[in-house]
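Chains as they are written, first to last, in this note's numbering: chain A, 2 to 337; chain B, 2 to 522.
All residues carry an ideal CB built from backbone N, CA and C; glycine is no exception.
Single-structure report; data block below.
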Amino acid sequence: MWADLLRRAGYALLVILLVTIGVQALMSLAPGSVAEVILGENATPDAVAEMNAALGYDRPFVVQYVDWLLAALQGDLGTSPITHIPVMESIAQRLPVTLELAVLALVIALAVSIPLAVLSAAFPNSALDRGINAVTSAFLSIPAFVAGPVLIFIFAVSLKVLPALGWVPIEDGLGPNLRSAILPAIAVALTEIAAFHRVLRADLIGTLREDFVAAARAKGMTGGYVMFRHAFRPSSFSLLTISGLSLARLIGGTIIVEALFVLPGLGQFISTSIVQRDIVAVQGVVAFIAVGFVVINMLVDVGYGAIDPRVRRTPKAARRTRAGVTRNATGKAVSA
Amino acid sequence: MFTRKRSTLIAAVAAAALLFTGCAGTDDGATSVADAGSGEPVSGGTLRVLEMVQPTGFDPVQVFSSTSMPITYTALYGQFVIANPETGGYDCGLCESFTTADGGATWDVVTREGLTFTDGTPFDAEAIKYNWDRMKDPALGSASAGVASQIDHIEIVDPRTARLHMVVPTPGLLGLMPIYSLQWIASPTALEQGQEAFNKNPIGAGPFVLESWTQGGTVKLVRNDDYAGDPAYLDAIEVQGVADGTQRLNALISGQADIVMNSDPALFAESESAGYVNSVYTFNGGVGFMFNTAKAPFDDVRARQALAYALDLEAINSAVNKGTGGTPKTLFQKNSPFYEDIPLQTQDSEKAQELFDELAAEGKPVEFAYTVFPGVGAATFDALQAQLAEYDNVTVTADQRDSSEQGVVTTTGDYNLATSSLAFVDPASRLWGALSGDADRTNYSRIDDPELNEALDAAVAAEDQDAQHEQWTLVQERLVEVVPYLLFQEYLNGAISTDQVHGIHMYGYTTPAAADIWIQP
Chain A
2 MWADLLRRAG YALLVILLVT IGVQALMSLA PGSVAEVILG ENATPDAVAE
52 MNAALGYDRP FVVQYVDWLL AALQGDLGTS PITHIPVMES IAQRLPVTLE
102 LAVLALVIAL AVSIPLAVLS AAFPNSALDR GINAVTSAFL SIPAFVAGPV
152 LIFIFAVSLK VLPALGWVPI EDGLGPNLRS AILPAIAVAL TEIAAFHRVL
202 RADLIGTLRE DFVAAARAKG MTGGYVMFRH AFRPSSFSLL TISGLSLARL
252 IGGTIIVEAL FVLPGLGQFI STSIVQRDIV AVQGVVAFIA VGFVVINMLV
302 DVGYGAIDPR VRRTPKAARR TRAGVTRNAT GKAVSA
Chain B
2 MFTRKRSTLI AAVAAAALLF TGCAGTDDGA TSVADAGSGE PVSGGTLRVL
52 EMVQPTGFDP VQVFSSTSMP ITYTALYGQF VIANPETGGY DCGLCESFTT
102 ADGGATWDVV TREGLTFTDG TPFDAEAIKY NWDRMKDPAL GSASAGVASQ
152 IDHIEIVDPR TARLHMVVPT PGLLGLMPIY SLQWIASPTA LEQGQEAFNK
202 NPIGAGPFVL ESWTQGGTVK LVRNDDYAGD PAYLDAIEVQ GVADGTQRLN
252 ALISGQADIV MNSDPALFAE SESAGYVNSV YTFNGGVGFM FNTAKAPFDD
302 VRARQALAYA LDLEAINSAV NKGTGGTPKT LFQKNSPFYE DIPLQTQDSE
352 KAQELFDELA AEGKPVEFAY TVFPGVGAAT FDALQAQLAE YDNVTVTADQ
402 RDSSEQGVVT TTGDYNLATS SLAFVDPASR LWGALSGDAD RTNYSRIDDP
452 ELNEALDAAV AAEDQDAQHE QWTLVQERLV EVVPYLLFQE YLNGAISTDQ
502 VHGIHMYGYT TPAAADIWIQ P
């Protein structure tokens with residue numbers, strides 16, 4: 002187990018290094034520079050060169066990266082030359098917003114998709130199932146940048162029941178906080194609902210065809226009891242996997258929604274920083290998100306063990322489970 | 002009701018008054034134009050504002066444009082000088098006087114007796130010198146460094162008087178003050194703490210002080226009861242920066258905001274139909290195509306004239322602004338004392354084709370690149386290309402650039418044709434700076450025409466309004482002949498508000514001022 006964890010940590014480190022190198026390379030290749038942004042209409046070539054030198058951007062790529070990495074390993078992600086605020090401080094101020102948005106979106110997606118998937122699986126290929134599939138397919142085809150303005154038009158502009166933009170911190174009251182978070186969370190959650198529904202529906206239908214489910218039914222157990230006591234748990238591996246990945250992705254993937262709803266989160270920070278060519282801020286936030294992503298990924302893997310004790314035995318078993326295959330004690334595949 | 006009120010009270014816009022009188026101190030610190038409200042002001046309340054950009058900080062060297070965050074910055078720093086639409090000159094806000102006796106070679110800035118910043122330190126000549134010297138520091142990268150660098154050095158005459166020795170005589174200096182961040186004077190003691198500390202606790206001498214700031218979120222300001230001017234009406238102001246105009250209007254409609262800043266004509270049209278109050282100032286000049294007159298093909302005046310004859314500028318404006326907004330017909334707005342009915346452009350497709358053919362026959366076909374910046378750049382290019390496709394011997398291609406490159410493109414002249422602003426309130430400052438061959442730092446079209454230079458210098462030097470009018474008329478006539486710009490869009494500075502918000506005085510840059518605004522309960 003320890004060897005497996007070390008192996009995973011090694012992969013995680015490699016991912017983080019590659020991501021941060023990639024970000025620095027992309028920002029270096031992009032046209033413009035932070036000096037040009039800062040200097041504005043005074044951005045003569047000499048002034049730009051002088052400022053870039055003062056900020057250390059005239060040094061070789063490798064030297065810049067290694068310096069950044071060494072500082073980052075000590076917890077210093079640098080200070081933005083635009084805002085003059087340490088990046089770590091900006092992340093700390095903005096992370097709760099993004100985290101709450103991501104968690105809320107995930108909760109909404111699960112709360113909607115699980116009942117829909119259970120209904121679909123209970124009546125497969127029925128009119129109800131096809132209707133639910135049609136609705137979730139529609140959700141899947143509505144990106145957040147379309148869903149957001151539509152939600153704003155309906156609930157803020159027309160009905161005037163929810164705010165069109167802005168964020169109320171949770172310290173100012175849970176009610177106002179949720180009012181400011183609900184529309185962006187729904188905009189983010191829509192596509193997740195579709196994905197969650199499809200995965201859980203397929204797994205439930207597969208599980209409900211297993212022998213042990215037929216045996217339970219033969220004993221006279223009710224449909225609901227069989228669904229939730231026998232079928233749901235072994236069918237939730239894939240859902241757990243994509244939920245974990247979704248959470249990790251949403252932490253760095255709510256850029257459009259945060260920009261649209263003017264939420265002071267990491268997404269807005271990174272989009273603003275990219276426009277301003279603020280390489281220090283972009284590098285810092287991306288590194289932070291990459292670390293978050295791999296950590297959540299590892300937690301998801303560990304989470305398999307909590308759901309299915311058989312997975313704890315060997316890494317190989319975990320890999321097989323992730324591939325959607327669980328096996329009974331004799332090694333026979335029992336669901337797919 | 003739509004109350005598009007332009008600067009109806011403008012009586013004179015500048016130059017002579019600047020030459021010898023500068024500005025005199027006033028206590029009320031308020032001008033009156035394009036006021037969206039009336040009645041007796043009422044104190045109290047919290048104003049919810051949406052400005053066009055989010056602050057990256059409050060240090061004056063970080064401020065990029067004074068049209069995008071007028072309420073936040075006038076709240077924190079007050080108004081050092083105030084453009085007066087009734088006189089066309091400038092009044093002192095936080096200064097006692099700001100005068101020149103030698104045509105702008107030197108300026109004496111006198112601060113108010115006993116004026117202090119909100120940290121209790123003196124707002125004196127040393128503070129002026131500290132702020133403006135600091136703005137020139139290349140390491141701090143102020144967008145106003147170019148203007149600050151027009152001051153050679155600052156001499157402390159006495160504790161309240163700073164004498165500015167200009168690099169070259171700058172009679173239009175006062176007109177530049179409301180445009181650039183020279184007007185925001187911060188406490189040197191607070192600035193000494195470093196930018197990170199200052200941004201958490203910015204210290205000015207304005208009618209409000211910062212209560213809190215969430216990065217990317219809300220700026221909360223509360224009234225400064227020790228303000229040197231008349232106390233502000235509002236108890237507090239909450240400001241958010243929202244770049245998307247539609248979202249700003251959505252927030253106003255949904256009841257989340259009381260006032261939103263705007264410069265987009267399409268949004269003014271939408272807000273009008275939604276029943277909100279528009280307070281709009283239309284600048285003289287406008288926004289349009291800027292030729293690089295120092296580089297082929299537009300170093301030949303015939304190439305510029307050919308485009309002037311060829312293009313339907315109203316159609317370009319319509320394409321860019323979804324059929325809303327106006328196209329400037331003359332250099333000055335009709336309410337300006339310098340207005341003359343001299344059309345900026347006369348469309349004539351036959352003459353255009355003759356010139357294109359003539360240049361091609363000489364081996365100088367009009368082949369050029371239009372510099373496309375993100376935003377409306379692509380729509381502008383499409384409209385330009387579509388119109389020129391009707392002609393022979395003219396070719397336009399797109400030169401796609403990043404928005405961060407705008408400064409470098411114009412300062413280096415690495416362009417043929419680009420979109421730029423020739424908007425101004427006071428012609429003695431901005432117009433002279435954009436068109437005079439002597440104003441090399443701000444003359445981005447690089448036009449250097451002796452006749453135009455002479456008329457510009459004479460207009461700035463003229464002492465009475467008739468003489469100024471005569472010279473500005475010559476400038477307008479010459480401008481049509483040498484065509485450094487083709488303006489297709491009026492430049493607006495405005496606010497959209499509910500009918501409960503009053504005291505919105507729009508005039509030029511950095512308006513409305515926070516201290517003037519009040520809310521009807």
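ask   = Hey, is residue 258 (chain B) close to the ligand ADP, as in C-beta under 7 Å from one of its heavy atoms?
value = In the structure shown, the ligand ADP is absent, as is every other ligand, since no ligand is present at all.
Flag this pair as touching only if the stretch 405-420 of chain B and the stretch 34-48 of chain A have three or more C-beta atom pairs under 8 Å; answer yes or no. yes
Give every residue of the same chain whose Cβ lies closer than 7 Å to the Cβ of residue 115 (chain A), excluding the five residues on either side of it in the sequence, and list them in chain order. Your numbering for residue 115 (chain A) matches position 114 in the first sequence. Contacts found: 201.
Going by CA-CA distance only, name the one from B:346, B:325, B:350 that's closest to residue 493 (chain B). Within the second sequence, the letter at position 492 stands for residue 493 (chain B). Minimum Cα distance to residue 493 (chain B) is reached at B:325.
So residue 278 (chain B) packs on residue 269 (chain B), CB below 8 Å; how close in whole Å? Numbered from 1 along the second sequence, position 277 holds the residue referred to as residue 278 (chain B). Numbered from 1 along the second sequence, position 268 holds the residue referred to as residue 269 (chain B). The Cβ separation is near 11 Å, so there is no contact.
In chain A, what lies closer than 8 Å to residue 200 (chain B) by C-beta? Translated into positions along the second sequence, residue 200 (chain B) becomes position 199. Chain A residues near residue 200 (chain B): 84, 85, 86.
For my contact list, residue 436 (chain B) and residue 444 (chain B) are in at a C-beta cut-off of 8 Å; report their separation, rounded to the angstrom. Counting from one through the second sequence, the residue named residue 436 (chain B) turns up at place 435. Counting from one through the second sequence, the residue named residue 444 (chain B) turns up at place 443. Right, their Cβ atoms sit about 7 Å apart.
| query | Can you tell me the Cα-Cα spacing of residue 217 (chain A) and residue 250 (chain A), whole angstroms? | reply | Locating residue 217 (chain A) in the first sequence gives position 216, where the first residue counts as 1. Locating residue 250 (chain A) in the first sequence gives position 249, where the first residue counts as 1. Distance between the alpha carbons of residue 217 (chain A) and residue 250 (chain A): 38 Å.
Q) Which two residues bound the contiguous beta strand (DSSP E) that contains residue 263 (chain B)? A) For the purposes of this step, residue 263 (chain B) is taken as the residue at position 262 of the second sequence. Run containing residue 263 (chain B): 260-263, per the beta strand (DSSP E) assignment.
- prompt: According to the Cβ coordinates, are residue 58 (chain B) and residue 241 (chain B) closer than 8 Å?
  reply: The residue given as residue 58 (chain B) occupies position 57 in the second sequence. The residue given as residue 241 (chain B) occupies position 240 in the second sequence. Not a contact, by the Cβ cut-off of 8 Å.
Checklist entry - Counting contacts by CB-CB distance shorter than 8 Å, is residue 41 (chain A) in contact with chain B? => result Your numbering for residue 41 (chain A) matches position 40 in the first sequence. Closer than 8 Å to some Cβ of chain B, the Cβ of residue 41 (chain A) qualifies, so yes.
**Asked** Buried or exposed: residue 10 (chain A), going by 16 or more other Cβ atoms within 10 Å of its Cβ?
**Response** As a first step, residue 10 (chain A) is located in the first sequence; it is residue number 9 there, counting from the start. With fewer than 16 other Cβ atoms within 10 Å, it is exposed.
| query | Beta-carbon of residue 403 (chain B) versus every beta-carbon of chain A: anything under 8 Å? | reply | Within the second sequence, the letter at position 402 stands for residue 403 (chain B). Chain A, which has a Cβ nearer than 8 Å to the Cβ of residue 403 (chain B), makes this yes.
I'd like the list of long-range same chain contacts for residue 64 (chain B), defined as Cβ closer than 7 Å, with 5 residues on each side in sequence excluded. One-based indexing of the second sequence puts residue 64 (chain B) at position 63. So the qualifying residues of the chain are 74, 182, 185.
Collapsed DSSP secondary structure at residue 145 (chain A) in the structure displayed: Numbered from its first residue, the first sequence carries residue 145 (chain A) at position 144. Correct three-state label for residue 145 (chain A): helix.
Problem - Among B:478, B:461, B:482, B:306, the one whose alpha carbon lies nearest that of residue 176 (chain B) - result: Walking along the second sequence from the start, residue 176 (chain B) turns up at place 175. Nearest option by C-alpha distance: B:461.
| task | Counting only the same chain and skipping the five closest in sequence on each side, list residues whose C-beta sits under 7 Å from that of residue 440 (chain B). | result | Translated into positions along the second sequence, residue 440 (chain B) becomes position 439. Here the set comprises 433, 434.
Could you give the C-beta distance for residue 192 (chain B) and residue 76 (chain B), rounded to a whole number, given that I count them as a contact under 8 Å? Looking up residue 192 (chain B) in the second sequence gives position 191. Looking up residue 76 (chain B) in the second sequence gives position 75. Not really, about 18 Å apart at Cβ, beyond 8 Å.
**Prompt:** What residues from the stretch 175-204 of chain B come within 7 Å of chain A, judged by C-beta to C-beta, listed N to C?
**Reply:** 196, 197, 200
Using a Cβ-Cβ cut-off of less than 7 Å, give me the residues of the stretch 162-193 of chain A that come near chain B, in sequence order.
164, 165, 166, 167, 168
task: Please determine if the stretch 369-380 of chain B and the stretch 414-426 of chain B are in contact, where contact requires at least 3 C-beta pairs separated by less than 8 Å.
output: yes
(message) Using CA atoms only, rank isn't needed, just tell me which of B:329, B:332, B:252 is closest to residue 168 (chain A).
(response) Locating residue 168 (chain A) in the first sequence gives position 167, counting from the first residue. Nearest of B:329, B:332, B:252 to residue 168 (chain A), Cα basis: B:252.
- Looking at C-alpha atoms only, which residue of B:179, B:178, B:127 is the closest neighbour of residue 154 (chain B)? The sequence position of residue 154 (chain B) within the second sequence is 153, counting from 1. That would be B:127, whose Cα lies nearest to the Cα of residue 154 (chain B).
- Task: Under the assumption that residue 573 (chain B) contacts residue 110 (chain B) (Cβ atoms under 8 Å), give the Cβ distance between them as a whole number of angstroms.
- Result: This structure gives no information on residue 573 (chain B), because the portion of chain B shown stretches from 2 to 522.
| Closest to residue 257 (chain B) by CA distance: which of B:498, B:447, B:507 is it? | Looking up residue 257 (chain B) in the second sequence gives position 256. For the residues B:498, B:447, B:507, the minimum Cα distance to residue 257 (chain B) belongs to B:498.
Checklist entry - In three-state terms, what does DSSP make of residue 178 (chain B)? => result Here residue 178 (chain B) refers to the residue found at position 177 of the second sequence. Coil.
* Is it true that the CB of residue 292 (chain A) sits closer than 8 Å to the CB of residue 81 (chain A)? -> In the first sequence, counting from the first residue as 1, residue 81 (chain A) sits at position 80. In the first sequence, counting from the first residue as 1, residue 292 (chain A) sits at position 291. No.
Notebook entry, point to check: Which chain A residues are close to residue 406 (chain B), counting only those with a beta carbon under 7 Å from its beta carbon?
Noted result: Here the question's residue 406 (chain B) lines up with position 405 in the second sequence. Simply 32, 33, 37.
For my contact list, residue 47 (chain B) and residue 211 (chain B) are in at a C-beta cut-off of 8 Å; report their separation, rounded to the angstrom.
Taking the first residue of the second sequence as position 1, residue 47 (chain B) is located at position 46. Taking the first residue of the second sequence as position 1, residue 211 (chain B) is located at position 210. Going by Cβ atoms, the distance from residue 47 (chain B) to residue 211 (chain B) rounds to 15 Å, so no, they are not a contact pair.
Check the Cβ of residue 233 (chain A) against every Cβ in chain B and list those closer than 9 Å, keeping chain order. As a position in the first sequence, residue 233 (chain A) is number 232, starting the count at 1. Within chain B, no residue comes near residue 233 (chain A); the closest Cβ sits about 41 Å away, beyond 9 Å.
- Item | chain A contact for residue 61 (chain B) (CB, 8 Å cutoff) | For the purposes of this step, residue 61 (chain B) is taken as the residue at position 60 of the second sequence. For residue 61 (chain B), the answer is no, since every Cβ of chain A falls outside 8 Å of its Cβ.
Worksheet item: Exposed or buried, residue 28 (chain B), counting other C-beta atoms within 10 Å across all chains shown (16 or more means buried)?
Response: The residue you call residue 28 (chain B) lines up with position 27 of the second sequence. Unreliable placement is indicated for residue 28 (chain B), whose pLDDT of 33 sits below 50; the coordinate value is still reported in the next sentence. Exposed.
Could you name the residues of the same chain whose beta carbon sits closer than 7 Å to that of residue 306 (chain B), not counting the 5 residues immediately before and after it, in chain order? The residue labelled residue 306 (chain B) in the question sits at position 305 within the second sequence. The answer, listed in chain order, is 356, 484.
(message) For residue 315 (chain B), report the span of its alpha helix (DSSP H) as first-last.
(response) Within the second sequence, residue 315 (chain B) is the residue found at index 314, counting from 1. Here the alpha helix (DSSP H) through residue 315 (chain B) covers 314-321.
Check: For residue 29 (chain B), which three-state DSSP category applies?
Finding: By one-based count along the second sequence, residue 29 (chain B) stands at place 28. No answer about residue 29 (chain B) holds up, because its pLDDT of 32 lies below 50 and its placement is not dependable.
Residue ranges of each beta strand (DSSP E) run of no fewer than 3 residues wholly in the stretch 62-145 of chain B, ordered along the chain?
-> 82-84, 91-93, 96-100, 107-112
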